[in-house]
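Chemist: I'd like to ask some things about the structure below.
Here is the structure:
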């Protein structure tokens, strides 16, 4: 049975790159369930995190705070995750840290977050590296080559895009909500929509209510379930053999469908075209995309 721990959270080839851009190359690994893992150091302690552009802040599992020498937490705030209105929130606490590094780079971030992610990820995963850290590093996430590219300066990104000996790139503008989420405009069939760029999702997942309103025919998935609040498993539906177009690239695939009520309420308040789902790793790899969250761009490599 396929289970999805799509933990979208908000707080109310390697040698080729080295040859032409002065970027530090931080390797990623793919977990058994299709997430991207990265090593990072917090308070001098190394840990294995999931790399999640769909999380606005970096998170440590509340059950593993002591590993990093963190004892006290601040007043709670509401985090938002996959699920309906009742199960779509999670108690989240800001915590102070002394040190945070990825690769050879020390970050200036002194506040991250903690909540209970027990049972949602493998035991060796201690949390999520979120949008806050990726943006501060000006890092590029190359999904196909499984690397995080950290430039010395903005010119290194220009070098990567302009080196015609390696590849041509189509540049797609991302849009950002006031809460920090990055969106991309896509077409699903004949409908224009907005998807959240989420490296924390192994696959693209769409909202059931919106698809139903638009007249798409959905089917019950035989095995796939979404894990929402308190370990509750909710059966997923599937949109079979539909086309998604991003820029000049189109793919035909089956797409998972679930209830995004809580997340949509949180992030659709300031959007002219509403958020209808998550663009996940499988499809972004197939489209050969590189995510540049700090510059609000997607690069599609031809």
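Residue numbers (our numbering): 5 to 306. A virtual CB, placed ideally from N, CA and C, is assigned to each residue, including glycine. The structure displayed is predicted, hence computed values, not measured ones.
1. Pull up the distance between the alpha-carbon of residue 84 and that of residue 215, whole angstroms please.
2. For residue 137 and residue 111, I'd like the C-alpha separation in whole angstroms.
3. Roughly how many whole angstroms lie between the Cα atoms of residue 218 and residue 295?
4. Go ahead and pull the three-state DSSP assignment for residue 140.
5. Name the DSSP bridge partner or partners of residue 195?
6. Measure how close the beta-carbons of residue 192 and residue 248 come, nearest whole angstrom, since I'm counting them as under 8 angstroms.
7. Taking the CB atoms as reference points, tell me whether residue 258 and residue 243 lie closer together than 8 angstroms.
8. For residue 223, does the count of other Cβ atoms within 10 angstroms reach 16, so buried, or fall short, so exposed?
9. Could you check which residue in 144, 74, 123 and 127 has the C-alpha nearest to that of residue 116?
10. Would you mind working out which of 299, 29 and 283 sits nearest residue 150, comparing C-alpha positions?
11. Going by DSSP in three states, residue 240 sits in which element: helix, strand or coil?
12. For residue 259, list the residues DSSP reports as bridge partners.
13. Using the Cα positions of residue 33 and residue 181, report the straight-line distance between them to the nearest angstrom.
14. Measuring only the C-alpha atoms, how far is residue 35 from residue 127?
15. On a Cα-Cα basis, can you pick out the residue from 68, 290 and 101 that is closest to residue 46?
16. In the DSSP output, which residue or residues are listed as bridge partners for residue 110?
17. Report, in whole angstroms, the separation of the C-beta atoms of residue 302 and residue 204, which I expect to be a contact under 8 angstroms.
18. Which same chain residues, not among the five before or five after residue 187, have their C-beta less than 8 angstroms away from its C-beta?
19. Distance check for residue 41 and residue 140, CA to CA, integer angstroms please.
20. Pick out the complete beta strand (DSSP E) segments inside the stretch 146–230, 3 residues or longer, and give them in chain order.
Modeler: Taking the definition as stated:
1. Only weak support is given to the placement of residue 84: the predicted model assigns it a pLDDT of 49, under 50, and the question is left unresolved by the model.
2. 7 angstroms
3. 29 angstroms
4. helix
5. 192
6. 6 angstroms
7. yes
8. exposed
9. 74
10. 29
11. strand
12. 243
13. 29 angstroms
14. 12 angstroms
15. 101
16. 105
17. So it is not a contact: roughly 16 angstroms between Cβ atoms.
18. 178, 179, 180, 181, 198, 199, 200, 201, 275 and 279
19. 19 angstroms
20. 151–155, 173–177, 186–192, 195–201 and 209–211
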